[in-house]
Amino acid sequence: MNILLSKPHMSGREMAYIEEAFASNWIAPLGPNVNAFEAEVAAYADHPHALATSSGTAALHLALLTLGVGTGDTVFCQSLTFVASVNPIRYVGANPVFIDSETTTWNMSPDALRKAFVQAATKGKLPKAVIVVHLYGVVAKIGEIRHICREYGVPLIEDAAESLGSTWHGQMTGTIGDIGFYSFNGNKIITTSGGGMLMTPNEEVRQLALKLATQAREDALHYEHEQVGYNYRLSNVSAGIGRGQLEVIEQRVQARRRVFARYERMFRQLGTTYQQEVPHSRANRWLTAMQLDQTDLHRDTLMERLASAGIEARPVWKPMHLQPVYRDAEYVTVDGEDVSRRLFENGICLPSGSDLTIGEQQQVIQTVLDTRSIVTEQSV
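Residue numbers in the sequence shown follow my numbering, run continuously in steps of one, and reach 384 at the last position.
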């Protein structure tokens, strides 16, 4: 592919931190860059505590463990998401209950969530946690969702893997619920090559997560272990990359928002629709995802045309309740309407990188418009 969906975009400052790690021989896991990166992410998010992890998936696993989620428990989770939002539920022996999306943000439907809570309360078994996802960097209806979780006394985990830099009433996603996390995978808005960050307002929770992330070693001269632990900490070299990336996070957010605005403006004639921002929120627009159901374009046909032009595109995430591995999981909708399925079947993600040039974006736009013209001609 000549034009990629979302590739790493270096700031030019990363090598200074990496070279510092090499010069001081802090190549092994942990070190000054890790400590500094945690402090800098916490400061950027205006949140008390951050813990650097080897991935966003590891951070979610730790979040579930610190909340005491275990065998036989249930966790409510958004269905329209990447599988990494769900797999850690099974890591701890719990069972997911999938919640449908709403059509504004494409994220968890508060109405479906409330219905799931009512059903669970009737059965006398509330979930141990709720996982809401800020899909493609667009903020969920987090105020309503948080209110419902507090009403039932159930912790809210924010999967902010895709939404670093997104805000609600000026507050960073990942810091609005009881615990949250970010991902720094290679295609995210900033990257450490691979890594994540657990966010918590509670120092005791951070200390427990830190212990579990470092093989659960007890405070003893020898290696003493009373719990099963994990190797989930970020390396000092990777953290150095993250520090250089974090310096330009606001520039990256603005660049991706400009990319989204151009797509929206240029495709207005087609009838495409997009995730909408809830009031008082800012989406980082990590990926521009659009719906084609009000157009005469078919998703797969468009993807084939883009691929033939050397342009990478992807379908919207296939919902978890449609995945073979989770075929037996419960799924809660409102009035039987499967919004998540429809969003998947008609949704496409377009190249959205912060280093996407106007010329490259124009190639994408022209290919979409040309495809529409061909389809129109064939239907006449």
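For every residue, glycine included, the Cβ atom is placed at its ideal position computed from N, Cα and C.
Computed from a predicted structure; not experimentally measured.
So is His-151 buried or exposed if we call it buried at 16+ other beta carbons inside 10 Å? It counts as exposed.
Strictly under 7 Å for the Cβ-Cβ distance: is Ala-293 near chain B by that measure? Among the chains in the structure shown there is no chain B, since it carries only a single protein chain.
Rounded C-alpha distance that separates Val-384 from Asp-104: Reliability of the predicted coordinates at Val-384 is poor, the pLDDT of 49 falling under 50, and the value obtained from them is presented with this limitation in mind. Val-384 and Asp-104 have their C-alpha atoms spaced approximately 38 Å apart.
Alpha helix (DSSP H) segments (min. 4 residues) lying fully within the stretch 335-375: If we require 4 residues or more, the alpha helix (DSSP H) runs fully inside the stretch 335-375 come out as 343-350.
So Leu-9 and Asn-191 are supposed to be a Cβ contact under 8 Å. How far apart are they, rounded? Sure, about 7 Å apart at Cβ, within 8 Å.
Going by C-alpha distance, which of Ala-62, Arg-272, Gly-97, Val-45 is nearest Asp-420? Outside the displayed range of the chain (5 to 384) lies residue 420, so it cannot be described from this structure.
Under a three-way DSSP split, which group does Asp-50 fall into? Asp-50 falls in the coil class under three-state DSSP.
Coil, strand or helix - Tyr-234 by DSSP: When secondary structure is reduced to three states using DSSP, Tyr-234 falls in the coil class, being assigned neither helix nor strand.
Quick check on the burial criterion: 16 or more other C-beta atoms within 10 angstroms. Buried or exposed for Ser-28? Residue burial annotation: Ser-28 is exposed, with fewer than 16 other C-beta atoms found within 10 angstroms of its C-beta.
Considering only the alpha carbon of each residue, which of Glu-222, Leu-214, Ile-194 lies closest to Leu-250? Comparing Cα-Cα distances from Leu-250 to each of Glu-222, Leu-214, Ile-194, the minimum goes to Ile-194.
Between Leu-66 and Tyr-236, how many whole angstroms is the CB-CB distance? I'm expecting something under 8 Å. With a contact defined as Cβ atoms closer than 8 Å, Leu-66 and Tyr-236 qualify at about 6 Å.
Exposure of Leu-225, with buried meaning 16 or more beta-carbon neighbours within 10 Å: The residue is exposed, with fewer than 16 neighbouring Cβ atoms inside 10 Å.
Can you say whether Ser-170 is buried or exposed, counting buried as having 16 or more other CB atoms within 10 angstroms of its CB? Of the other Cβ atoms in all chains shown, 16 or more fall within 10 Å of the Cβ of Ser-170; this residue is therefore buried.
For Phe-26, three-class secondary structure by DSSP: For Phe-26, the three-state secondary structure derived from DSSP is helix.
Give me whichever residues DSSP pairs with Ala-56 in a beta bridge. Assignment of beta-bridge partners to Ala-56 by DSSP yields Met-201.
Test item: CB-CB of Glu-334 and Val-101 under 7 Å: One thing to note: Glu-334 has its Cβ within 7 Å of the Cβ of Val-101.
Sort Ala-98, Gly-244, Glu-364, Ile-183 by Cα distance to Met-14 and report the nearest one. The shortest Cα separation from Met-14 among Ala-98, Gly-244, Glu-364, Ile-183 belongs to Gly-244.
7 Å Cβ cutoff met for Thr-2 and Val-343: Residue 2 cannot be examined here, being either before or after the span of the chain that is shown, 5 to 384.
Measuring CA to CA, which of Lys-215, Leu-238, Gly-147, Ser-187 is closest to Gly-60? Proximity to Gly-60 across Lys-215, Leu-238, Gly-147, Ser-187 peaks at Ser-187, based on C-alpha coordinates.
CB-CB length for Leu-212 against Phe-185, believed under 8 Å: Not a contact, Cβ separation roughly 15 Å.
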